[in-house]
Structure formats: C-alpha cells, structure tokens
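**Student:** So the sequence lines, in the order shown, correspond to chains S and U. Under our numbering, the residue at position 87 of the first sequence is numbered 87, and the numbers go up by one with no gaps. Under our numbering, the residue at position 60 of the second sequence is numbered 290, and the numbers go up by one with no gaps. Dropping a structure here in structure tokens format, bear with me for questions.
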Amino acid sequence: RRVHGLEHQNVAGIVESLKVVTYEKSLRIAKFAFDYAKSHGRSRVTAIHKANIMKLGDGLFLETCREVSKSYPEIEFDSMIVDNCAMQLVAHPEQFDVMLTPNLYGNVIVAMLCGLTGGPGLTPSYNLGHHYTLFETATRNSGKSLVGQNVANPIAYVRAAADLLKHLKLTEHSNLINKAIFKVIADDRVRTRDVGGTDTTQEVVNAIIFAMDKELHAIAASKSVHSTRL
Amino acid sequence: MSFVRVGVSDLLRRSGMMRNAASMRTTYMKRRCSTTATIPITMIPGDGVGPELMTSVKDVFRGTGIPVHFEEVHISELSSHSASLDDVINSLNNNKVCLKGPLSYPTHASEIESLNMKLRRSLDLFANVVICKSIEGIETRHPNVDIIVIREQTEGEYSALEHECVPGVVESLKIITSQRSRRIAKFAFDFALRHGRRRVTAVHKANIMKLTDGLFLECAAEMAEMYPEIEFNSMIVDNTCMQLVAHPHQFDVLLTPNLYGNVVDNVAAGLVGGAGVVPGESYGEEFAVFEPGARHVYSTATGRNIANPTGMLLSAVSCLKHVGLKTEAQRLATAIANVISERRIRTQDLGGQSTTKDFTKAIIAAFLALPSPT
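What follows is the structure, encoded as structure tokens:
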C-alpha cells in the first residue's frame with residue numbers, strides 16, 4: 001500500500017488521490033480576494049470552478065465565494081466554469097478583472113495569463129500567510145536549461161523584489177525600481193531572448209541600474225532647482 | 231478501408247485488455263457497410279443551442295440528399311419529460327453511432343454524477359478526440375494550428391465520488407487506474423499512427439500528484455515503447471497551457487487524463503476560433519459519439535438563431551466518414567470550407583451578422599454547387 005500525501009494505492013493498478021476542500025479555507029481566500037479587490041479599486045471578482053462535475057467539492061468553494069460576496073455589495077461577483085474560462089482567456093482575456101480560484105485551476109490560469117502577457121520571465125507574484133510573505137515569480141519555472149548562460153530574464157525577480165520593498169513600506173524605492181524596469185523594457189527595449197531581444201541577463205540588469213541612476217539625478221536636479229528658486 | 235495494423239491483437243492480449251482480441255469491435259475500425267437505403271444514426275439534440283444546431287444538421291442532410299436518417303432521443307437533465315438512459319442505450323445498440331448536442335446540468339442536482347458522465351460510463355466512451363485545426367477564413371492570433379487532444383473521459387477527477395465527512399470539509403476522489411491509462415495511451419498512439427502524426431505529448435501534474443498522474447505517465451511511457459516510430463514526450467499541465475497560448479506550433483497530439491483534457495481542449499479550441507467551430511468525437515469499444523469539441527450549451531443564445539453550427543456540422547462530417555459515407559463527408563467538408571473561406575456569411579461568434587439559418591442555407595448551396603463526383 002503506497003501512500004504519498006493524500007494519495008494511496010490500495011490495489012495494484014488503482015490509485016486514489018484526495019482533493020480536499022474546506023469551508024474554512026474557502027472562506028479565507030474568498031474574503032482575501034474581495035478585500036484585495038476593494039483596496040486596489042477593482043470592480044469584479046470571478047470565481048472559477050468545476051462545480052457541475054465536482055458538485056460537493058467545488059460546489060462548497062463556489063457557495064462560500066457567493067456567501068462572502070454578499071458582504072461586498074460594491075464589488076460585482078460572478079462565476080465561470082474552468083474550461084470555458086480557459087477558452088475565454090485565449091480569445092477575450094480583457095473581460096476578466098479579479099479571478100478567485102482553488103489551487104489547481106489557479107495554477108493553470110496563472111500559467112496561461114503569463115503566456116498571454118509575455119511569458120514566465122516577466123511576471124512576479126507573492127504568497128501571503130498570517131505570519132509570512134513570500135515573493136517569487138508567477139510561474140515558478142526553475143529554468144534548468146538556462147543555468148549559467150546569462151540569458152535568463154531577470155525582470156520577474158526584480159519586480160518581485162520591488163513588490164517586497166513595497167510590502168515593507170519602502171514605497172519610494174519600489175517605485176523607482178518599477179519605473180526603471182518599464183523604461184528599460186518599453187523605451188530602451190533592452191530585452192532578453194524570451195521576449196524577443198538579444199541582450200544578456202547582465203545587460204538588462206545594468207540597464208535597470210542605469211535608468212535608476214538617471215532618475216535619481218533627475219530628482220536631485222529638480223530639487224536643487226526648487227531650492228535655488230526659493 | 232483502413233485497418234488497425236497487424237500485431238495489435240498481440241499487444242492487446244499482452245496488455246491484458248481484451249479477453250478475445252479476435253472479436254474486437256472497436257469503433258475506430260471501419261464499420262461494416264450498411265446495405266439499407268439510408269443509414270440510421272442516433273441523435274441526441276441536447277440542451278441550450280443543441281436543438282437548433284441539430285436542426286441545421288438535419289436541414290443540410292435533407293437539402294443535400296445525404297442518405298442518413300436520425301433516430302432522435304431527447305434525453306436531458308433539465309426536462310421532466312426526458313428520455314431515459316436505457317432509451318439511449320437501446321437506440322445505440324441498434325445504430326452504434328450517435329450525433330450529440332451539449333447537455334446542461336440543473337442548478338440543484340439530485341445526484342452527484344452528471345448525465346454526461348453517466349452516458350460516457352455506461353457506453354464506455356473512454357476516448358474523446360478533439361481536432362483543433364485552423365480554418366481558412368477564420369483569423370486567429372496563431373495561424374496554422376493543428377493539434378489533436380485525446381482525453382480519457384471515464385475516470386480521473388470525474389469519478390463522482392465525493393463526500394462531506396465532517397461539516398465544512400469535502401473530499402473528492404480522483405481515481406486513476408493502470409488499465410484505463412494504458413487503454414487511452416494505446417488509443418492515442420494508434421490514432422497518431424493512423425493519421426500520420428509524429429509526436430504524442432502526455433499532459434500531467436505528476437510532480438504534485440505523484441501516484442495518480444505518475445501512474446498515468448508511466449502507462450503512457452510504457453505504451454510509447456511499442457510505437458518507436460512515434461516520438462513521445464510529456465509536459466506539466468500548467469506549462470502546457472502557457473505554451474499553447476504562446477507557442478502552439480510545438481504540439482501535435484496531446485494525451486491527457488480527464489480534467490486536464492477538458493481544460494486543454496478548450497484552450498486549443500480557443501486558438502482556432504472557439505466552441506462554435508471545433509468538432510469532437512468520442513469512442514468506446516462498441517460505440518462512437520460525435521459532438522462539438524468544446525461542449526458548451528451557450529444557453530444565452532438559445533432560440534435566437536445566432537449560434538454557429540460549424541462545429542456540429544464538422545462533427546457530422548466525421549460521423550459520415552465513420553459510417554462509410556466518405557464521398558458525402560468530403561463534399562460536405564469542402565462546402566463548409568468554401569463558405570467559411572469566402573468570409574461572406576458568418577455568425578456572430580466570428581464577428582459576422584449572419585444567422586444560424588443563413589449559414590445553413592449557404593452550406594447547402596455550396597454543397598449543391600460542387601461538381602458532382604464521377
């Protein structure tokens with residue numbers, strides 16, 4: 001009898017895997033989603049599920065989301081089945097605002113969203129708990145095949161670091177880094193090959209630092225202009 | 231006529247799947263030709279836009295003289311006058327082949343297992359094939375996509391085995407068996423071989439579900455060894471979905487368990503134009519069911535004469551090929567391709583203003599305009 005986590009093999013050739021959904025944790029994530037939407041000025045939360053098939057499990061998740069939505073009348077709430085959602089993401093991703101998902105569907109949807117917005121090298125994410133916060137890339141690719149070649153895209157990690165600074169209330173520093181990143185990608189077009197460029201990891205990093213320096217000098221210059229005017 | 235290659239019976243016997251391999255009547259082998267005037271095919275109109283899409287199919291067949299007659303079975307979870315599952319099985323026992331519309335689910339279900347699942351289990355329709363091929367005339371972000379998704383549809387996350395052990399805590403069982411994993415893997419490789427495809431990619435999440443998806447992957451790899459001419463690789467489901475939206479041309483045949491297959495075939499359908507244009511087919515050892523690949527009832531469009539019948543008509547084309555009406559199938563496929571590539575008559579989902587009926591009439595006209603076969 002092999003047991004691994006919540007999986008087990010009672011009879012040779014037949015494996016069972018348990019998917020567990022609880023009211024408590026569904027409530028927690030739903031509340032988090034609506035609070036997030038509210039504090040970030042988002043207008044709609046869409047719950048993603050497969051409750052037509054997993055009637056009890058995803059049904060519980062969906063019902064809990066619906067229950068929580070009643071406490072946030074200013075935020076619109078709707079739901080969508082995961083297969084339809086996947087298809088909609090391909091054709092009309094702009095219809096979505098905040099998506100609230102259980103574990104597996106969230107994994108797939110995040111991966112698709114990254115694919116739609118430039119790939120795993122660009123998007124950061126963070127993981128929140130009661131005691132800790134962990135910042136990483138959105139798709140958690142290890143990029144094994146790129147190790148040591150100076151070609152990996154550093155943007156996702158630098159953005160994750162900027163988010164970490166913001167979380168620590170070092171907002172000015174965070175904004176400085178993000179502004180520099182957008183300038184480097186959009187204006188200067190210094191890009192690694194995953195986003196169609198030919199620059200190396202180090203070149204991108206140097207470009208970001210350079211852009212930050214320029215911005216700091218510009219800020220300092222405008223401050224001294226103000227002081228001479230006074 | 232095309233047949234499964236010699237030697238398959240041995241493989242089947244060895245993998246323990248068939249007691250009498252010689253009497254195998256898998257429906258992905260050519261069915262015996264009927265000598266009656268018209269071929270009877272079971273039809274399940276379904277819910278939502280299903281009935282109007284079926285009307286489109288019936289109109290086309292009648293208008294073009296295709297020698298098929300439909301035996302309708304109105305089964306639905308939304309209707310109190312629904313036919314029973316036994317009615318469907320009896321009809322299929324006679325006809326072996328079915329054209330099916332999408333089935334919806336009631337908001338407050340009395341049973342855990344959905345009607346679709348009951349149908350698939352009782353008919354043992356273990357293999358779902360969705361062919362996502364770019365269509366000339368439908369502009370999409372990625373042109374020239376040609377992906378086949380083969381999905382196991384009798385087990386996995388759809389086992390309908392759920393219970394609430396303690397209030398507020400629900401467990402859903404996902405079941406993977408080596409027997410069914412081997413069966414679908416074998417089906418995928420046979421299909422790839424018959425259709426000249428070069429690579430099969432197994433989609434899984436075995437890094438997390440080490441035993442269940444691990445077993446699925448193991449069985450796929452085991453089967454791959456019997457088909458050295460077909461390349462085999464595997465990819466984790468989240469990466470697969472990401473790659474599909476960014477670089478779909480790397481994929482050929484995708485072999486998936488139930489839930490991932492559902493998501494992946496919807497993504498692939500979205501790549502080539504959406505639920506309105508993609509056909510699908512489900513196979514069991516005795517029956518074949520043809521229905522649109524992305525199974526959406528699209529209930530907001532019901533009765534408004536706006537739904538796109540292309541996916542259903544293409545499923546009907548596959549159905550015709552399956553029952554031996556190859557010429558008619560080819561002509562209908564050409565007629566559909568001509569109407570779509572002309573870009574004149576198109577339904578709302580593709581940015582046009584034409585109605586379902588307009589499109590149907592255009593197909594009939596295009597079919598009749600084709601030069602008659604010699």
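Glycine residues also receive a C-beta, built at the ideal position from the N, C-alpha and C atoms. Quantities reported herein were computed from a predicted structural model and do not represent experimental measurements.
Starting from glutamate 516 (chain U) and walking both ways along the alpha helix (DSSP H), at which residues does that stretch end?
**Tutor:** Position 286 of the second sequence, counted from the first residue, corresponds to residue 516 (chain U). No alpha helix (DSSP H) holds glutamate 516 (chain U); DSSP gives it neither H nor E.
**Student:** In chain U, which residues lie less than 7 Å from glutamate 24 (chain S) when you measure between Cβ atoms?
**Tutor:** Along the first sequence, one-based indexing puts residue 24 (chain S) at 24. By Cβ distance, chain U contributes Gly398.
**Student:** DSSP on cysteine 263 (chain U), reduced to helix/strand/coil?
**Tutor:** Sequence index remark: in the second sequence, residue 263 (chain U) carries index 33 (1-based). Annotation note: pLDDT 46 at cysteine 263 (chain U) (below 50); position unreliable, coordinate value reported separately. If DSSP states are grouped into helix, strand and coil, cysteine 263 (chain U) belongs with coil.
**Student:** Taking the alpha carbon of isoleucine 594 (chain U) as the reference point, which residue from U:Ala565, U:Glu307, U:Arg429 and U:Leu283 has its own alpha carbon closest?
**Tutor:** Here residue 594 (chain U) refers to the residue found at position 364 of the second sequence. Taking only the C-alpha atoms, the option nearest isoleucine 594 (chain U) is U:Ala565.
**Student:** If the cut-off is 7 Å on Cβ atoms, which residues from the stretch 436-454 of chain U count as contacting chain S, listed in chain order?
**Tutor:** Listed by position, the residues of the stretch 436-454 of chain U near chain S (Cβ gap below 7 Å) are Met439, Lys440, Leu441, Thr442 and Leu445.
**Student:** Cα-Cα, which of U:Leu562, U:Thr557, U:Arg574 and U:Gly514 is closest to arginine 410 (chain U)?
**Tutor:** Here the question's residue 410 (chain U) lines up with position 180 in the second sequence. The residue with the shortest Cα to Cα distance from arginine 410 (chain U) is U:Gly514.
**Student:** Beta strand (DSSP E) containing methionine 347 (chain U): first to last residue?
**Tutor:** On the second sequence, residue 347 (chain U) is found 117 positions in, with the first residue counted as 1. Taken as a continuous stretch (DSSP letters only), methionine 347 (chain U) belongs to no beta strand (DSSP E), being part of the alpha helix (DSSP H) at 345-352.
**Student:** Tell me whether histidine 552 (chain U) is buried or exposed, calling it buried when 16 or more other Cβ atoms sit within 10 Å of its Cβ.
**Tutor:** Mapped onto the second sequence, residue 552 (chain U) falls at position 322. Buried, since its Cβ has 16 or more Cβ neighbours within 10 Å.
**Student:** With which residues is cysteine 328 (chain U) paired in a DSSP beta bridge?
**Tutor:** In the second sequence, counting from the first residue as 1, residue 328 (chain U) sits at position 98. Bridge partners of cysteine 328 (chain U): U:Thr272 and U:Val519.
**Student:** List the endpoints of the continuous alpha helix (DSSP H) containing leucine 610 (chain U).
**Tutor:** The question about residue 610 (chain U) has no answer here: the residues shown for chain U are numbered 231 through 604.
**Student:** Could you check the C-alpha separation between cysteine 328 (chain U) and arginine 427 (chain U) for me, to the nearest Å?
**Tutor:** On the second sequence, residue 328 (chain U) is found 98 positions in, with the first residue counted as 1. On the second sequence, residue 427 (chain U) is found 197 positions in, with the first residue counted as 1. Taking the straight line from one Cα to the other gives about 26 Å.
**Student:** Closer than 7 Å between beta carbons: that is the criterion. Which residues of the stretch 50-63 of chain S meet it against chain U?
**Tutor:** Flagged, chain order: Asn52, Ile53, Met54, Lys55, Leu56, Gly57 and Leu60.
**Student:** Can you check whether the C-beta of cysteine 362 (chain U) is within less than 8 Å of a C-beta belonging to chain S?
**Tutor:** Within the second sequence, the letter at position 132 stands for residue 362 (chain U). No, cysteine 362 (chain U) does not count as interfacial toward chain S.
**Student:** Specify the secondary structure class of proline 478 (chain U) as computed by DSSP and reduced to three states.
**Tutor:** Taking the second sequence and counting its residues from 1, the one referred to as residue 478 (chain U) is at position 248. Helix, per DSSP.
**Student:** When you compare each of S:Leu89, S:Ser69, S:Leu122 and S:Ala33 to proline 154 (chain S) by their alpha carbons, which one comes out closest?
**Tutor:** For this step, residue 154 (chain S) is matched to residue 154 along the first sequence. The residue with the shortest Cα to Cα distance from proline 154 (chain S) is S:Leu122.
**Student:** Where isoleucine 466 (chain U) and alanine 505 (chain U) are concerned, what is the direct C-alpha to C-alpha distance, given to the nearest angstrom?
**Tutor:** Your numbering for residue 466 (chain U) matches position 236 in the second sequence. Your numbering for residue 505 (chain U) matches position 275 in the second sequence. Approximately 24 Å, taken between the alpha carbons.
**Student:** With leucine 104 (chain S) as the anchor, note down where its alpha helix (DSSP H) starts and where it stops.
**Tutor:** Counting from one through the first sequence, the residue named residue 104 (chain S) turns up at place 104. Element bounds for leucine 104 (chain S): 103-116.
**Student:** What residues match up with glycine 605 (chain U) in a beta bridge as DSSP calls it?
**Tutor:** Only positions 231 to 604 of chain U appear in the structure, and residue 605 (chain U) is not among them; the question remains open.
**Student:** When Cβ atoms are compared, which residues of the stretch 530-553 of chain U fall closer than 7 Å to chain S?
**Tutor:** Listed in sequence order: no entries.
**Student:** Whole angstroms are fine: how far does the CA of serine 39 (chain S) sit from the CA of glutamate 76 (chain S)?
**Tutor:** Mapped onto the first sequence, residue 76 (chain S) falls at position 76. Mapped onto the first sequence, residue 39 (chain S) falls at position 39. Cα-Cα distance, rounded: 14 Å.
**Student:** How would you list, in chain order, the residues of chain S whose beta-carbon sits under 7 Å from the beta-carbon of alanine 408 (chain U)?
**Tutor:** On the second sequence, position 178 is the one that residue 408 (chain U) refers to. The sequence as given places serine at residue 408 (chain U); alanine does not occur at that position. By Cβ distance, chain S contributes Gly13.
**Student:** Can you list, in chain order, the residues of its chain with a C-beta nearer than 6 Å to that of glutamate 658 (chain U)? Leave out the 5 residues immediately preceding and following it.
**Tutor:** This structure cannot settle anything about residue 658 (chain U), because the visible part of chain U is limited to 231 through 604.
**Student:** Under 9 Å between beta-carbons, which chain U residues line up against threonine 139 (chain S)? List them in chain order, please.
**Tutor:** Counting from one through the first sequence, the residue named residue 139 (chain S) turns up at place 139. What threonine 139 (chain S) touches in chain U: Asp468, Asn469 and Met472.
**Student:** Taking the DSSP output, what are the residues bridged to tyrosine 126 (chain S)?
**Tutor:** The sequence position of residue 126 (chain S) within the first sequence is 126, counting from 1. Paired residues: S:Phe135.
**Student:** Could you spell out where the alpha helix (DSSP H) holding arginine 525 (chain U) opens and where it closes?
**Tutor:** Within the second sequence, the letter at position 295 stands for residue 525 (chain U). Counting along the chain, arginine 525 (chain U) falls outside any alpha helix (DSSP H), and DSSP gives it neither H nor E.
**Student:** Would you call asparagine 492 (chain U) buried or exposed, if buried means 16 or more other Cβ atoms sit within 10 Å of its Cβ?
**Tutor:** Looking up residue 492 (chain U) in the second sequence gives position 262. Under this definition asparagine 492 (chain U) is a buried residue.
**Student:** Give me the chain S residues within the contact set of valine 493 (chain U), using Cβ-Cβ distance strictly less than 7 Å, ordered along the chain.
**Tutor:** As a position in the second sequence, residue 493 (chain U) is number 263, starting the count at 1. Those within 7 Å of valine 493 (chain U) in chain S are Val82, Asp83, Ala86 and Val108.
**Student:** Whole angstroms is fine: what's the gap from valine 195 (chain S)'s alpha carbon to isoleucine 570 (chain U)'s?
**Tutor:** Counted from its first residue, the first sequence places residue 195 (chain S) at position 195. Counted from its first residue, the second sequence places residue 570 (chain U) at position 340. Roughly 34 Å between the two C-alpha positions.
**Student:** State the CB to CB distance for the pair threonine 590 (chain U) and valine 290 (chain U), rounded to an integer number of angstroms; the pair is presumed to be in contact (CB under 8 Å).
**Tutor:** Taking the first residue of the second sequence as position 1, residue 590 (chain U) is located at position 360. Taking the first residue of the second sequence as position 1, residue 290 (chain U) is located at position 60. About 6 Å separates the two Cβ atoms, so the contact holds.
**Student:** Write down the C-beta distance between isoleucine 460 (chain U) and valine 430 (chain U) rounded to the nearest angstrom, noting that I regard them as a contact closer than 8 Å.
**Tutor:** What you label residue 460 (chain U) is simply residue 230 of the second sequence in a count that begins at 1. What you label residue 430 (chain U) is simply residue 200 of the second sequence in a count that begins at 1. That belief holds up - the Cβ atoms of isoleucine 460 (chain U) and valine 430 (chain U) are roughly 6 Å apart, short of 8 Å.
**Student:** Taking all protein chains shown into account, do 16 or more other C-beta atoms lie within 10 angstroms of the C-beta of arginine 20 (chain S), making it buried, or fewer, making it exposed?
**Tutor:** Taking the first sequence and counting its residues from 1, one reaches residue 20 (chain S) at position 20. The residue you asked about is not arginine; residue 20 (chain S) is valine in the sequence shown. Valine 20 (chain S) is exposed by the Cβ-count criterion.
**Student:** Count the other C-beta atoms from every protein chain shown that fall within 10 angstroms of the C-beta of threonine 384 (chain U), then say buried if there are 16 or more, exposed otherwise.
**Tutor:** Taking the second sequence and counting its residues from 1, one reaches residue 384 (chain U) at position 154. Threonine 384 (chain U) is buried by the Cβ-count criterion.
**Student:** From which residue to which residue does the alpha helix (DSSP H) around glutamate 94 (chain S) run?
**Tutor:** As a working note, residue 94 (chain S) is residue 94 in the first sequence. Where glutamate 94 (chain S) is concerned, there is no enclosing alpha helix (DSSP H), given that its DSSP letter is neither H nor E.
**Student:** The stretch 27-43 of chain S: which residues have C-beta closer than 7 Å to a C-beta of chain U, in chain order?
**Tutor:** Within the stretch 27-43 of chain S, no residue qualifies.
**Student:** Would you mind telling me which residues of chain S sit closer than 8 Å to valine 497 (chain U), beta carbon to beta carbon, in chain order?
**Tutor:** As a first step, residue 497 (chain U) is located in the second sequence; it is residue number 267 there, counting from the start. The contacting residues are Ala86, Met87, Leu89, Val90 and Met112.
**Student:** Taking Cβ to Cβ, would you say arginine 42 (chain S) is nearer than 8 Å to aspartate 97 (chain S)?
**Tutor:** Stepping through the first sequence from its first residue, residue 42 (chain S) is reached at position 42. Stepping through the first sequence from its first residue, residue 97 (chain S) is reached at position 97. Taking 8 Å as the Cβ cut-off, arginine 42 (chain S) and aspartate 97 (chain S) qualify as a contacting pair.
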